[in-house]
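Trainee:
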Ligand SMILES: Cc1ncc(C[n+]2csc(CCOP(=O)(O)OP(=O)(O)O)c2C)c(N)n1
Ligand SMILES: Cc1ncc(C[n+]2csc(CCOP(=O)(O)OP(=O)(O)O)c2C)c(N)n1
Ligand SMILES: [Mg+2]
Ligand SMILES: [Mg+2]
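Protein chains in written order, with my numbering: chain A, 7 to 330; chain B, 7 to 330; chain C, 15 to 384; chain D, 15 to 384.
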């Protein structure tokens with residue numbers, strides 16, 4: 007076991023997969039000698055060379071579009087989008103091409119690749135270096151969407167994503183890139199895609215979360231425990247395909263649900279969780295489904311700490327449904 | 007009163023607003039002498055000239071990006087995206103710029119404009135001429151999203167949108183562009199944004215819909231009526247800002263909700279409706295909230311008629327919740 | 015290069031400029047002509063079927079056969095082509111059966127793509143003909159990525175990206191050209207400049223002197239060629255593909271031609287252009303090449319008639335075989351979204367077949383406007 | 015034009031090529047110098063505050079002052095500028111107060127943008143300085159739209175779009191240049207080619223001979239200028255703005271310079287370039303222009319010291335005034351999303367202040383990496 011940051015976990019996963027499979031290549035802005043602005047690709051160019059760790063021109067549609075072509079021809083690209091806020095120029099390639107290539111060619115052409123990109127607030131990045139874009143991708147059939155919340159998962163899920171036959175959007179919670187550190191085994195491992203993890207068992211309510219919100223959820227549950235309310239924290243880890251069974255199982259057990267996300271509330275990913283439960287398990291519900299989320303405004307700079315959901319806001323929602 | 011198609015209604019609204027306000031300009035691919043591939047801008051170039059009805063190069067980011075600049079300088083552009091399936095190259099301009107200009111400049115710069123685009127299936131357009139993209143836009147604060155379902159609304163809502171100080175995405179249901187025709191008064195009128203319309207009153211269940219799905223909803227309710235179940239059909243018309251009051255009022259009355267949309271189900275717009283009701287009105291619910299939607303696959307060509315929700319599928323959902 | 019000069023080998027009478035012909039053996043020359051004629055025959059038949067409502071949509075390529083055949087010939091088997099929707103001839107050149115193209119247009123069980131895309135959106139992996147996408151331009155940068163992979167894997171292969179004049183305005187023309195220039199990717203960019211993007215004429219598409227000159231913005235050579243002169247097309251394309259294979263980097267080739275027909279079966283050009291297209295009848299690429307072959311005694315009236323008959327026959331049987339086949343099964347709607355069908359989709363499929371019913375018919379009024 | 019030649023008026027010793035100077039009166043020349051020096055002083059002070067953790071982020075423009083001042087001077091009051099994030103000097107040239115730029119960097123109540131954006135993302139409508147966006151390139155096509163509107167309204171105004179070498183790879187550089195060419199829009203495109211995009215050197219950004227030559231792809235003139243020679247910049251910019259105003263269409267101006275400092279307060283250039291930047295010290299645009307002014311007896315040691323003192327004083331008081339001000343009120347988070355706050359947002363604001371509480375503090379560890 008060693009204690010590492012998520013940045014290190016991502017770097018290790020990339021290095022291991024590149025050693026395992028020479029078809030794995032990295033491309034993006036500043037990923038080479040600079041090692042990425044968050045250092046996730048540090049030292050990879052010196053080990054694997056400029057042909058496998060490629061500094062591209064400043065064009066996200068170019069990065070993803072060329073990665074699709076590389077993947078079609080048999081490479082296994084891991085493009086990096088420097089900030090998920092800058093992924094939109096590539097949205098056409100992702101939504102129209104990457105997600106539909108297998109379907110429209112009836113499996114004759116496929117483009118397995120992993121788009122890595124840091125997302126979320128907490129680094130004082132303001133409007134364009136803080137957003138949580140998952141909800142723009144989870145509606146698109148053909149994509150897998152993954153969000154790790156720890157070094158262990160970041161490494162194991164990224165390795166699994168790189169080996170996946172389907173295109174994966176891998177969202178890295180930059181707020182927790184460097185802290186806290188987490189334990190990771192020395193030996194090789196992967197974490198299966200499509201499976202949620204129970205981070206805390208409880209019988210009174212279910213609290214769903216992912217990415218940087220997991221620690222906020224845990225903190226809120228500590229506060230709730232003081233009141234005698236035991237929360238079950240479900241870290242979704244893979245948003246698409248969703249581990250619906252785990253969600254329904256937990257809610258069936260607890261009868262109460264609070265969802266937590268950093269992204270704006272309206273039409274956010276968590277709304278789907280509410281919809282699934284309201285469609286399939288309404289009879290077990292003992293209280294309304296509360297959503298704690300970012301506000302429906304652009305991400306502000308100075309008021310970031312108010313914008314981002316914190317344990318107090320989550321606790322307030324828990325109180326409401328427990329008092330129901 | 008005159009009987010006109012939605013295409014005609016759009017064309018009339020554009021002509022009237024262009025006569026009223028010389029700052030209104032149209033730009034897009036083939037909108038000029040060709041009058042648009044769906045003929046929505048027919049004859050406008052001959053009346054208003056090439057400077058106000060502009061055929062652009064083939065670039066959606068160019069169309070929306072330049073429209074933003076025009077709007078900032080005081081014009082009132084109504085850009086057309088030929089098919090909503092081709093809006094993605096402009097997604098960066100819409101999501102990063104159009105929706106955030108007012109906020110980031112604290113109101114110093116604004117870009118009121120209306121993006122018109124045909125959406126939805128039913129014309130045998132296959133993967134890329136059939137999609138319903140509303141759910142990719144309703145999550146973005148700063149945008150208004152409108153979907154008419156009749157000639158009357160198309161004209162009145164479009165005129166209101168053109169006069170709105172906020173940027174509007176105006177989604178035109180191409181399946182019903184030419185049929186059925188609808189009555190429109192001779193005299194000038196607008197339809198207020200942000201207000202849903204009850205198309206059919208009923209006390210047993212609420213059925214939400216918009217665009218081309220409204221007629222499907224009505225048909226399903228006829229079938230339900232034969233069983234003695236009276237449905238209330240709520241045509242949302244404006245998806246953002248949502249008429250939440252109308253939704254909650256109807257559901258409070260009926261105690262049952264079925265949502266209907268053409269777009270894929272997972273993280274689709276209707277999931278938000280489920281989430282709102284599950285959060286604010288769960289106590290009135292007497293049955294699960296059923297969602298009838300497109301399947302979570304790309305839009306197929308030959309099997310379009312199976313893919314698109316039809317009255318039978320909606321009726322099946324109604325049966326389920328009434329039998330609950 | 016001063017952009018507007020344009021390479022031509024065959025004049026309109028089919029006379030070749032002395033000694034300027036690419037060296038092609040007789041068999042190849044005849045095969046090229048046969049493919050050009052086959053393309054024309056396919057187009058006419060499909061447009062006909064579309065008018066009769068037997069297929070939903072079609073995109074004719076009439077007048078652009080030299081682009082398709084000359085453009086296709088230069089590439090070898092291991093090369094990959096990222097095609098546009100206006101080049102069935104290149105598929106034929108590369109060995110795709112007429113039958114399979116027709117099957118795509120019917121979109122039923124006979125279609126290798128399971129009827130998922132509209133007609134003319136072909137995909138044939140075996141012949142390295144990449145799946146055609148409706149969104150304009152997206153494939154250009156994909157071709158560059160594939161070219162990078164070819165170079166990286168030292169496959170000695172080349173990628174070809176085909177697009178129209180309108181396509182040069184797309185975002186991924188820019189990213190594709192730029193990345194290819196920086197990467198010296200073994201890629202050839204082929205613009206079929208038919209001077210129209212639906213109703214938008216070239217001068218409203220770009221203010222540049224030519225399409226070829228755009229190459230300078232990316233540090234690669236650009237060449238303009240008479241796109242109705244199949245020999246000139248072959249000549250220039252051979253050089254470009256050779257350069258790419260040699261590791262000398264990408265080239266932009268502009269093929270000057272004209273879209274003689276409507277944009278598609280849904281388009282009515284009389285709305286936006288008069289009979290301008292007629293001027294181009296005399297420059298017909300097939301006619302011109304036929305004259306050349308006849309001068310060289312490689313073609314004749316008899317051969318022409320014989321081929322026409324065979325083509326008619328082939329198309330007749332193909333249509334007969336295919337039209338009668340059933341639409342793809344409902345399960346095909348849920349497959350190939352992911353490698354394995356995920357639980358959520360299994361459930362949706364189950365509900366559909368077990369409960370929700372699919373008894374209703376396709377909407378007879380549904381008609382494609384573009 | 016053969017791209018690589020580059021217009022220069024002042025050599026490195028501040029000697030002007032005879033008779034080639036733009037005619038600028040002494041007052042203007044001095045004002046230009048003062049602005050260049052003010053820009054340098056602002057940058058140094060802000061970087062300092064950032065190091066002390068008193069502001070969160072900053073982007074220095076050291077070495078690019080001639081671009082900002084020469085680039086700004088050419089435009090008139092009614093013209094609109096769509097700036098990049100590396101040009102505070104242009105804001106100063108156009109009458110924005112030092113105080114207001116500093117206020118933006120603190121992002122508190124003193125900031126006209128209500129602390130919504132990161133530092134250096136200025137917006138000043140009064141001076142027609144358009145809101146700066148982080149996404150690279152998006153403003154280029156917006157400038158073209160504004161230019162179209164200016165032409166349409168016969169305002170006699172011109173739009174200027176400023177961006178970097180990296181920006182030329184962005185989608186909307188392509189759409190912007192292309193639309194401007196077709197529309198003959200009164201727009202001037204100004205590329206500050208400082209040869210780096212964070213850690214990516216020019217040769218990995220594009221294979222073209224120059225940035226200027228990219229203009230040919232869009233049918234407009236492109237000019238390359240010594241971007242550290244403020245007189246050359248003014249000269250060329252004046253011509254370009256004049257052309258635009260005359261209705262002769264857009265121009266692309268490439269200003270050759272060098273990003274002497276880090277990309278931003280979060281960047282460490284030693285990771286990707288040695289001390290290459292030092293070569294550019296001798297070409298410092300301020301030093302060069304000062305020598306020129308001194309030759310012409312328009313500047314002196316005394317004036318220099320005096321100005322330095324005034325600047326230090328201005329910055330000191332500005333920082334003092336601003337730093338003490340409170341953060342923007344919570345209501346500002348919900349305003350300006352739409353013209354009127356919709357019901358949903360009122361509700362969210364209400365819940366926040368009444369129930370959910372906002373007692374907690376900003377995260378002290380939050381630090382921006384880029
Ligand atoms: C991104 C995008 N925008 C718009 C369209 C609609 N459309 C289809 S073909 C076409 C014109 C293409 O012209 P060109 O590239 O010259 O090719 P040609 O049809 O002339 O062969 C347009 C605008 C599209 N398919 N994709
Ligand atoms: C679309 C987009 N991609 C990536 C970034 C991250 N980024 C910020 S500045 C920059 C480099 C810009 O270089 P250049 O255009 O040359 O301007 P310079 O910083 O040199 O002035 C990058 C990659 C961004 N802001 N926007
Ligand atoms: Mg064309
Ligand atoms: Mg730069």
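A virtual CB, placed ideally from N, CA and C, is assigned to each residue, including glycine. Just so you know, these numbers come straight off a predicted model, no measurement behind them.
With a 10 Å radius around its C-beta and 16 neighbouring C-beta atoms as the bar for buried, classify residue 350 (chain C) as buried or exposed.
Mentor: It is buried - the Cβ of residue 350 (chain C) has at least 16 other Cβ atoms within 10 Å.
Trainee: Taking 7 Å as the CB-CB limit, is residue 277 (chain A) close to chain B?
Mentor: Closer than 7 Å: yes.
Trainee: How many Å lie between residue 211 (chain C) and residue 167 (chain D) at the Cα?
Mentor: Taking the straight line joining both Cα atoms gives about 29 Å.
Trainee: If we cut at 7 Å on Cβ distances, does residue 110 (chain A) have a partner in chain B?
Mentor: By this cut-off, residue 110 (chain A) is an interface position.
Trainee: For the region 315-328 of chain A, enumerate the residues whose C-beta is nearer than 8 Å to any C-beta of chain C, in chain order.
Mentor: Answer set for the region 315-328 of chain A: empty.
Trainee: Name the chain C residues that come within less than 8 Å of residue 4 (chain B), Cβ to Cβ?
Mentor: A query on residue 4 (chain B) cannot be resolved here, the shown segment of chain B reaching from 7 to 330 and no further.
Trainee: For residue 439 (chain D), return the contacting residues in chain A, with the cut-off set at a CB-CB distance below 7 Å.
Mentor: Given a span of 15 to 384 for chain D in the structure shown, any question on residue 439 (chain D) remains unanswerable.
Trainee: Does the Cβ of residue 208 (chain C) lie closer than 6 Å to at least one heavy atom of ligand 3?
Mentor: Result yes, Cβ under 6 Å from ligand 3.
Trainee: Please confirm whether residue 97 (chain C) and residue 53 (chain C) have their CB atoms less than 7 Å apart.
Mentor: It is not a contact, given that the beta carbons lie outside the stated cut-off.
Trainee: Relative to ligand 4, is the shortest distance from any of its heavy atoms to the C-beta of residue 179 (chain D) smaller than 6 Å?
Mentor: The answer is yes for residue 179 (chain D).
Trainee: If you count every other CB in all the chains shown that lies within 10 Å of the CB of residue 171 (chain A), and 16 or more means buried, which is it?
Mentor: With fewer than 16 Cβ atoms within 10 Å of its Cβ, residue 171 (chain A) is classed as exposed.
Trainee: What residues in its chain sit with their C-beta under 6 Å from that of residue 108 (chain A), if we drop five residues either side in the sequence?
Mentor: Cβ neighbours of residue 108 (chain A) beyond the five flanking positions: 116.
Trainee: List, in order along the chain, the chain D residues whose C-beta lies closer than 8 Å to that of residue 214 (chain C)?
Mentor: Ordered by position in chain D, no residue passes the 8 Å Cβ test against residue 214 (chain C), which lies about 10 Å from the chain.
Trainee: Can you tell me whether residue 29 (chain C) is buried or exposed? The criterion is at least 16 other CB atoms within 10 Å of its CB, across all chains shown.
Mentor: It counts as exposed.
Trainee: Using a Cβ-Cβ distance cut-off of 7 Å, determine whether residue 118 (chain C) contacts chain A.
Mentor: For residue 118 (chain C), the answer is no, since every Cβ of chain A falls outside 7 Å of its Cβ.
Trainee: In terms of DSSP beta bridges, what is residue 169 (chain B) paired with?
Mentor: According to DSSP, residue 169 (chain B) bridges with nothing at all.
Trainee: DSSP three-state label for residue 112 (chain A), please.
Mentor: Note: residue 112 (chain A) maps to coil in three-state DSSP.
Trainee: From the beta carbon of residue 237 (chain A), is the nearest beta carbon of chain D less than 7 Å away?
Mentor: Not one chain D Cβ lies under 7 Å of residue 237 (chain A).
Trainee: Per DSSP, residue 175 (chain A) forms a beta bridge with which residues?
Mentor: BP columns for residue 175 (chain A) point to A:121 and A:151.
Trainee: When Cβ atoms are compared, which residues of the region 250-274 of chain A fall closer than 9 Å to chain B?
Mentor: Going along the region 250-274 of chain A in chain order, one finds 263, 265, 269, 270, 271, 272, 273 and 274 with a Cβ nearer than 9 Å to chain B.
Trainee: At which residues does the beta strand (DSSP E) containing residue 61 (chain B) begin and terminate?
Mentor: Unbroken beta strand (DSSP E) run through residue 61 (chain B): 59-61.
Trainee: Taking DSSP as the reference, what is the three-state secondary structure of residue 17 (chain D)?
Mentor: Confidence is the limiting factor: at residue 17 (chain D) the pLDDT is only 42, short of 50, which leaves the residue's position unreliable, though a coordinate-based value still follows. If DSSP states are grouped into helix, strand and coil, residue 17 (chain D) belongs with coil.
Trainee: Would you say residue 20 (chain C) lies against chain A (beta-carbon separation less than 7 Å)?
Mentor: Not closer than 7 Å to any Cβ of chain A, the Cβ of residue 20 (chain C) fails to qualify, so no.
Trainee: Could you tell me whether any non-hydrogen atom of ligand 3 is closer than 6 Å to the CB of residue 211 (chain C)?
Mentor: Under cutoff, so the answer is yes.
Trainee: Give, in chain order, every unbroken run of the beta strand (DSSP E) that is at least 3 residues long and sits entirely within the region 43-86 of chain A.
Mentor: The qualifying runs are 59-61 and 82-86.
Trainee: Using a Cβ-Cβ distance cut-off of 7 Å, determine whether residue 61 (chain B) contacts chain C.
Mentor: Judged by the 7 Å Cβ criterion, residue 61 (chain B) is in contact with chain C.
Trainee: Let me see if you follow: with CB-CB separation under 7 Å, is residue 24 (chain D) close to chain A or not?
Mentor: No, residue 24 (chain D) lies away from the interface with chain A (no Cβ there is under 7 Å from its Cβ).
Trainee: If you follow the alpha helix (DSSP H) that residue 258 (chain B) is in, where does it begin and where does it stop?
Mentor: From DSSP, the alpha helix (DSSP H) with residue 258 (chain B) extends over 250-260.
Trainee: For chain D, check one thing: does any of its Cβ atoms lie closer than 7 Å to the Cβ of residue 303 (chain A)?
Mentor: It does: the Cβ of residue 303 (chain A) has a partner Cβ on chain D nearer than 7 Å.
Trainee: Please list the segments of the beta strand (DSSP E) lying wholly inside the region 29-97 of chain D, counting only runs of 3 or more residues, in order along the chain.
Mentor: For the region 29-97 of chain D, whole beta strand (DSSP E) runs of length 3 or above, ordered along the chain, are 94-96.
Trainee: Does DSSP put residue 9 (chain B) in a helix, a strand or coil?
Mentor: Of the three classes helix, strand and coil, the one that applies to residue 9 (chain B) here is strand, per DSSP.
Trainee: Taking 7 Å as the limit between beta carbons, can you name the residues of its chain near residue 108 (chain C), skipping five residues before and five after?
Mentor: If we look at residue 108 (chain C) and ignore the five residues flanking it on each side, its Cβ neighbours are 86, 141 and 143.
Trainee: How would you write the range of the alpha helix (DSSP H) that residue 121 (chain D) sits in, first residue to last?
Mentor: Note, residue 121 (chain D): premise wrong, no alpha helix (DSSP H); not H, not E.
Trainee: From the beta carbon of residue 15 (chain D), is the nearest beta carbon of chain C less than 7 Å away?
Mentor: At residue 15 (chain D) the pLDDT is 36, less than 50, meaning the model places this residue with poor confidence; the figure from the coordinates comes in the next sentence. False, the Cβ-Cβ gap to chain C never drops below 7 Å.
Trainee: Taking residue 103 (chain B) as the query, report the chain D residues whose CB atoms sit under 9 Å from its CB, ordered along the chain.
Mentor: Result: 147, 149, 152, 153 and 156.
Trainee: Leaving out five residues before and five after residue 256 (chain A) in sequence, what residues of the same chain have Cβ atoms less than 8 Å from its Cβ?
Mentor: Same-chain partners within the cutoff: 204, 212, 238 and 240.
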